[in-house]
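*Asks:*
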Amino acid sequence: MFTIKYQILTHMMTFTSINGMILVCHASSSSVCRSAEGQLCAGYKTAFGNTLKAHKDGDLQKLLGEGSKAYDYDLIVIGGGSGGLACSKEAAALGKKVMVLDYVVPTPKGTTWGLGGTCVNVGCIPKKLMHQTALLGTAMEDARKFGWEFSDQVTHNWETMRTAVNNYIGSLNWGYRVSLRDKNVNYVNAYAEFVEPHKIKATNKRGKEMFYTAAKFVLATGERPRYLGIPGDKEYCITSDDLFSLPYCPGKTLVVGASYVALECGGFLAGLGLDVTVMVRSILLRGFDQDMANRAGDCMETHGVKFLRKFVPTKVGACVLISNAAVSLQVLIAVGRDACTGKIGLDKAGVKVNAKNGKIPVNDEEQTSVPHIYAIGDILEGKWELTPVAIQAGKLLARRLFAGASLKCDYVNVPTTVFTPMEYGSCGYPEEKAVEIYGQQNLEIYHSLFWPLEFTVAGRDNNRCYAKIICNKLDNERVIGFHYLGPNAGEVTQGFGAAMKCGITKDQLDNTIGIHPTCAEIFTAMEVTKSSGGDITQSGC
Ligand code: FAD
Ligand code: NDP
0 MFTIKYQILT HMMTFTSING MILVCHASSS SVCRSAEGQL CAGYKTAFGN
50 TLKAHKDGDL QKLLGEGSKA YDYDLIVIGG GSGGLACSKE AAALGKKVMV
100 LDYVVPTPKG TTWGLGGTCV NVGCIPKKLM HQTALLGTAM EDARKFGWEF
150 SDQVTHNWET MRTAVNNYIG SLNWGYRVSL RDKNVNYVNA YAEFVEPHKI
200 KATNKRGKEM FYTAAKFVLA TGERPRYLGI PGDKEYCITS DDLFSLPYCP
250 GKTLVVGASY VALECGGFLA GLGLDVTVMV RSILLRGFDQ DMANRAGDCM
300 ETHGVKFLRK FVPTKVGACV LISNAAVSLQ VLIAVGRDAC TGKIGLDKAG
350 VKVNAKNGKI PVNDEEQTSV PHIYAIGDIL EGKWELTPVA IQAGKLLARR
400 LFAGASLKCD YVNVPTTVFT PMEYGSCGYP EEKAVEIYGQ QNLEIYHSLF
450 WPLEFTVAGR DNNRCYAKII CNKLDNERVI GFHYLGPNAG EVTQGFGAAM
500 KCGITKDQLD NTIGIHPTCA EIFTAMEVTK SSGGDITQSG C
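Okay, so the sequence shown: first residue is 0 according to numbering that gives the first Met the number 0, each after it adds one.
Shown next, in the form of structure tokens:
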């Protein structure tokens, strides 16, 4: 039980808390008093409330000198990926005693990797480098048109690419270890699970168990690829967790799934010259603007990707049965990812999890249902699954916990890019969502096709690139949706994402002078509204 006795000293109040320890708070004597009716005054109530909260959060024990004795660490972070590393380093930089645990459970094929989480090892980094490999292939074709002469026989070597990419990843893994050491974060390569609300068990790869306690915890365990749950899937199929370090070129590939991972991987594999088919259950890029998603899909077809629509696999063997024909190919499953929350003892800590999807609901301060346990990154319910989001949330959380800061992670207007052969960048609402929220009559949509100058001499992708902004007529034509299909979409979208954070309007875009000749300048000169049905093809610059 937690009891507080108090006595008034001159210009001080002392609280005697549990264990008979005395906490001396510097406060004016007037803040502790009773009214004539014996009611506690507001100052006391606030102090009492704060004290209770501090006890619940573990802060009171620390003030009382129990913290360092009671717990091994101020903060333990479970998961050394984008969010976990950012949070642990920030907390340590603020002078806290911090441990981060990271452990990679091997895939069914036995693939494993080093420190840094999904993005570095099996996500953004290898994906973007392999996308770049594919773009270079296209650039070589373009180069001939620009006068470069080289042998007709151009081939790609998977092993060379894989080794180069994985060597770079190795250097990043090493860099993370060094920076944790430099910042005095204790890194432990072990699997963590709660055994009590303030205590975890850490099991290393040799099976050795260790126990650690902390005042606060941050969960940042990320996600792993989902399997199909059909016969042969784990035996014969690979996922993105295996692809980037695959020791052999996958050759003819069937990609199952139609979102970010499926389209990006299918796109770069086709760009390497492989025969790629994407099996689509329903639509492309669920949740994205469908007009844009279909345009990105059309460009993929132009770049050699085949689509098998309205199909799902039911069984996988050494050969795959497609339309009654047995085909031997590599199957890459990309049907979503499951949050790594099922085996970390959350029931022992009392943390509530959405039983349907394993995601963790948090309040706007990333606090779970247990006050001293927080969660960030991909495991959060209803939040973006993107590296910069996990990093931002982790950093700001550490500052709020340990530096008295109040800034929260802003999950609105997060810019993102899908690195398909023709890249698609977006920020804000898809058209469908904007119509649902604001009503068609309150929106003005400006759009245009365009032909990047670089593509003109190369003679490709004429009028395939497309730009669209969705503006709210009720709010000065503020831009609430930004969509760009074209080269360097990430670079373009990043800047407009900043502009949208500042609340840019159509007028302000029109008053922005473009940079010529670029693709991004299209947004400074958009005149045709979708509702007008006007011609949006471009004939030159
Ligand atoms: P993670 O980075 O996944 O880190 C979690 C870590 O915790 C992992 O190392 C895991 O092994 C470890 N762990 C799990 N359980 C335990 C445990 N019990 N004990 C100890 N350690 C544990 N995002 C972008 O912004 N841009 C992109 O271009 C992009 N491309 C992607 C491409 C692919 C193929 C994939 C799969 C994802 C991509 N993402 C991209 C998403 C991005 O990788 C994630 O949003 C990001 O990594 C999430 O960070 P996190 O900290 O939540 O988790
Ligand atoms: P998603 O959950 O976004 O998509 C899953 C896809 O698999 C959907 O197309 C879905 O189809 C399909 N699918 C699901 N179950 C089946 C099934 N049984 N049979 C056939 N198809 C199925 O997952 P991703 O793995 O693509 O992406 C996860 C997250 O990772 C993304 O939300 C993104 O935030 C992040 N990411 C970011 C990237 C970036 O920033 N460039 C790149 C890659 C990932 P349906 O629509 O019918 O449900």
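No residue lacks a Cβ here, since even glycine has one placed at the ideal position from N, Cα and C.
#1: To the nearest angstrom, how far is it from the Cα of A90 to the Cα of Y175?
#2: Is DSSP giving S28 helix, strand or coil here?
#3: If you follow the alpha helix (DSSP H) that S447 is part of, which residue opens it and which one closes it?
#4: Per DSSP, what kind of secondary structure is K96 in: helix, strand or coil?
#5: Do the stretch 438 to 450 and the stretch 511 to 526 touch if we need at least three Cβ pairs shorter than 8 Å?
#6: Return yes when at least one heavy atom of the ligand MN lies under 8 Å from the C-beta of A219, else no.
#7: Roughly how many angstroms separate the alpha carbons of G381 and I359, rounded to a whole number?
#8: Spatial neighbours of W112 within its chain, please: C-beta separation below 8 Å, excluding the five flanking residues on both sides.
#9: So, at 7 Å on beta carbons, what are the nonlocal neighbours of K347 in its own chain, with the 5 sequence-adjacent residues on each side left out?
#10: Which value, in whole angstroms, describes the spacing of the CA atoms of V628 and Q391?
#11: Relative to the C-alpha of K314, which candidate in C298, I332, A374, V478 has its C-alpha closest?
#12: List the endpoints of the continuous alpha helix (DSSP H) containing L179.
#13: Please name the residue in G83, A257, G231 whose C-alpha comes closest to that of A374.
#14: Which residues in the same chain have their Cβ closer than 8 Å to the Cβ of Q537, if we skip the five residues on either side of it in sequence?
#15: Applying the 10 Å Cβ sphere with the 16-neighbour rule, what's the burial state of C501?
#16: Mind pulling the alpha helix (DSSP H) runs of 4 or more residues that sit fully within the stretch 454 to 522?
#17: Look up N293 in the DSSP assignment and say whether it is helix, strand or coil.
#18: Kindly indicate the opening and closing residues of the alpha helix (DSSP H) around N353.
#19: Give me, in chain order, the residues of the same chain whose beta-carbon lies closer than 6 Å to that of P230; leave out the 5 immediate sequence neighbours on both sides.
#20: At a cut-off of 8 Å, would you count P451 as near the ligand NDP, judging by its Cβ distance to the nearest heavy atom?
#21: Assess, as a yes-or-no matter, whether the stretch 463 to 472 is touched by the stretch 282 to 298 under the definition of 3 or more beta carbon pairs within less than 8 Å.
#22: Within this structure, are the beta carbons of L307 and V279 separated by less than 9 Å?
#23: Taking only three categories from DSSP, how would you classify V121?
#24: Quick check: is any heavy atom of the ligand FAD less than 8 Å from the C-beta of I375?
#25: Could you give the first and the last residue of the continuous beta strand (DSSP E) run that contains G424?
#26: Rounded to the nearest angstrom, what separates S425 and N412 at their Cα positions?
#27: Assuming T416 is part of the alpha helix (DSSP H), what are its boundary residues?
#28: State the DSSP-derived secondary structure class of I21, mapped to helix, strand or coil.
#29: In whole angstroms, give me the CA-to-CA distance for T202 and F310.
#30: Counting along the chain, where does the beta strand (DSSP E) carrying V254 start and finish?
#31: What alpha helix (DSSP H) runs, 4 residues minimum, are completely inside the stretch 331 to 413?
#32: Comparing C-alpha positions only, which one of P414, T419, M421, F418 sits nearest to P429?
#33: Compute the Euclidean distance between the alpha carbons of R285 and N183, then round it to the nearest angstrom.
#34: On the DSSP bridge list, what partners appear for P224?
#35: Determine the direct distance from the alpha carbon of V334 to that of G265, and round the result to whole angstroms.
#36: Can we say the stretch 139 to 150 touches the stretch 201 to 220, given the rule of at least three CB pairs closer than 8 Å?
*Replies:* Once the coordinates are examined:
#1: Taking the first residue of the sequence shown as position 1, residue 90 is located at position 91. Taking the first residue of the sequence shown as position 1, residue 175 is located at position 176. Near 16 Å, if we compare the C-alpha coordinates of Y175 and A90.
#2: Locating residue 28 in the sequence shown gives position 29, where the first residue counts as 1. Only weak support exists for where S28 lies, its pLDDT of 35 falling under 50; the value from the coordinates is given anyway. The answer is helix: DSSP assigns S28 an H, G or I state.
#3: Within the sequence shown, residue 447 is the residue found at index 448, counting from 1. Counting along the chain, S447 falls outside any alpha helix (DSSP H), though it belongs to the beta strand (DSSP E) covering 442 to 449.
#4: Looking up residue 96 in the sequence shown gives position 97. Three-state result, K96: coil.
#5: The stretch 438 to 450 makes contact with the stretch 511 to 526; the number of CB pairs closer than 8 Å reaches 3 or more.
#6: This structure lacks the ligand MN; its bound ligands are the ligand FAD and the ligand NDP.
#7: Locating residue 381 in the sequence shown gives position 382, counting from the first residue. Locating residue 359 in the sequence shown gives position 360, counting from the first residue. Their backbone Cα atoms lie some 9 Å apart in a straight line.
#8: For the purposes of this step, residue 112 is taken as residue 113 along the sequence shown, with counting starting at 1. Answer for W112: V103, N120, V121, I168, N172, S244, listed in chain order.
#9: Translated into positions along the sequence shown, residue 347 becomes position 348. F193, V194, E195, listed in sequence order.
#10: Summary: the structure shown does not reach residue 628, with the chain confined to residues 0 through 540, and so no result is reported for it.
#11: In the sequence shown, residue 314 corresponds to position 315, counting from 1. That would be I332, whose Cα lies nearest to the Cα of K314.
#12: For the purposes of this step, residue 179 is taken as the residue at position 180 of the sequence shown. 157 to 181 is the span of the alpha helix (DSSP H), which, as asked, contains L179.
#13: By 1-based counting over the sequence shown, the position of residue 374 is 375. Proximity to A374 across G83, A257, G231 peaks at G83, based on C-alpha coordinates.
#14: Locating residue 537 in the sequence shown gives position 538, where the first residue counts as 1. Here Q537 has S447, L448, F449, W450, N462 as same chain residues with Cβ atoms under 8 Å from its own Cβ, once five neighbours each way along the sequence are excluded.
#15: The residue labelled residue 501 in the question sits at position 502 within the sequence shown. So C501 counts as exposed.
#16: DSSP runs (the alpha helix (DSSP H)) wholly in the stretch 454 to 522: 488 to 500, 505 to 509.
#17: Within the sequence shown, residue 293 is the residue found at index 294, counting from 1. In this structure, N293 counts as helix in the three-state DSSP scheme.
#18: For the purposes of this step, residue 353 is identified with residue 354 of the sequence shown, where counting begins at 1. Element bounds for N353: n/a, residue is neither H nor E.
#19: Numbered from its first residue, the sequence shown carries residue 230 at position 231. Cβ neighbours of P230 beyond the five flanking positions: K314.
#20: One-based indexing of the sequence shown puts residue 451 at position 452. No, since every heavy atom of the ligand NDP falls outside the 8 Å radius drawn around the Cβ of P451.
#21: Yes, the stretch 282 to 298 is in contact with the stretch 463 to 472.
#22: For this step, residue 307 is matched to residue 308 along the sequence shown. For this step, residue 279 is matched to residue 280 along the sequence shown. Yes, the Cβ-Cβ distance between L307 and V279 is below 9 Å.
#23: Here residue 121 corresponds to residue number 122 of the sequence shown, with the count starting at 1. If DSSP states are grouped into helix, strand and coil, V121 belongs with the helices.
#24: Taking the sequence shown and counting its residues from 1, one reaches residue 375 at position 376. At least one heavy atom of the ligand FAD is nearer than 8 Å to the Cβ of I375, so yes.
#25: Counted from its first residue, the sequence shown places residue 424 at position 425. 423 to 427 is the span of the beta strand (DSSP E), which, as asked, contains G424.
#26: Here residue 425 refers to the residue found at position 426 when the sequence shown is read from its first residue. Here residue 412 refers to the residue found at position 413 when the sequence shown is read from its first residue. Their Cα atoms are separated by approximately 9 Å.
#27: Taking the first residue of the sequence shown as 1, we reach residue 416 at position 417. Element bounds for T416: not the alpha helix (DSSP H) but the beta strand (DSSP E), 415 to 417.
#28: Mapped onto the sequence shown, residue 21 falls at position 22. Confidence at I21 is low in this model, with a pLDDT of 34, below 50, so its placement is unreliable and the value that follows should be read with caution. Correct three-state label for I21: strand.
#29: Numbered from its first residue, the sequence shown carries residue 202 at position 203. Numbered from its first residue, the sequence shown carries residue 310 at position 311. Taking the straight line from one Cα to the other gives about 42 Å.
#30: Position 255 of the sequence shown, counting from 1, holds the residue named residue 254. Where V254 is concerned, the enclosing beta strand (DSSP E) stretches over 252 to 255.
#31: Qualifying alpha helix (DSSP H) stretches, in chain order: 345 to 348, 386 to 401.
#32: Taking the sequence shown and counting its residues from 1, one reaches residue 429 at position 430. Selection P414, T419, M421, F418 evaluated against P429 yields P414 as nearest (Cα-Cα).
#33: By one-based count along the sequence shown, residue 285 stands at place 286. By one-based count along the sequence shown, residue 183 stands at place 184. The straight-line gap from Cα to Cα measures roughly 42 Å.
#34: Here residue 224 refers to the residue found at position 225 of the sequence shown. DSSP, once it has assigned bridges, lists R336 as partnering P224.
#35: Within the sequence shown, the letter at position 266 stands for residue 265. Within the sequence shown, the letter at position 335 stands for residue 334. Roughly 13 Å separates the two Cα atoms.
#36: With a cut-off of 8 Å, the stretch 201 to 220 and the stretch 139 to 150 do not count as touching, because too few Cβ pairs lie within range.
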